[in-house]
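**Q** Quick note, the sequence shown lines up with residues 2 to 51 if you use my numbering.
Think of the CB as a built atom: it goes at the ideal place given N, C-alpha and C, for glycine as much as any other residue.
There's a structure below that I have some questions on.
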Amino acid sequence: MAEQSERLERRYKVRQVTNVQASWTEQERGRPGKFTLQLILDNGVEEHIL
């Protein structure tokens, strides 16, 4: 099992979510809106928009 885990770690870079910032926006009061989640990885080393 340990060997399989090591191979997986070599193929994929494992990142750690160290903080999450959530926000809510709406175009008009009472209308549908959007949630946005910003994931801070490895204490802010890199930033990507998904």
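Nearest to residue 34 by alpha carbon, out of 24, 42 and 40?
**A** It is 24.
**Q** In the DSSP assignment, the alpha helix (DSSP H) including residue 4 goes from what residue to what residue?
**A** Residue 4 -> alpha helix (DSSP H) spans 3 to 12.
**Q** DSSP beta-bridge partners for residue 34?
**A** BP columns for residue 34 point to 27.
**Q** Would you grab the beta carbon distance between residue 38 and residue 18 for me? Rounded to a whole angstrom, and I think it's under 8 Å.
**A** The pair is not a contact, with the Cβ atoms about 10 Å apart (cut-off 8 Å).
**Q** Output the distance between the C-alpha atoms of residue 32 and residue 26, rounded to the nearest integer angstrom.
**A** For residue 32 and residue 26, the distance between alpha carbons rounds to 10 Å.
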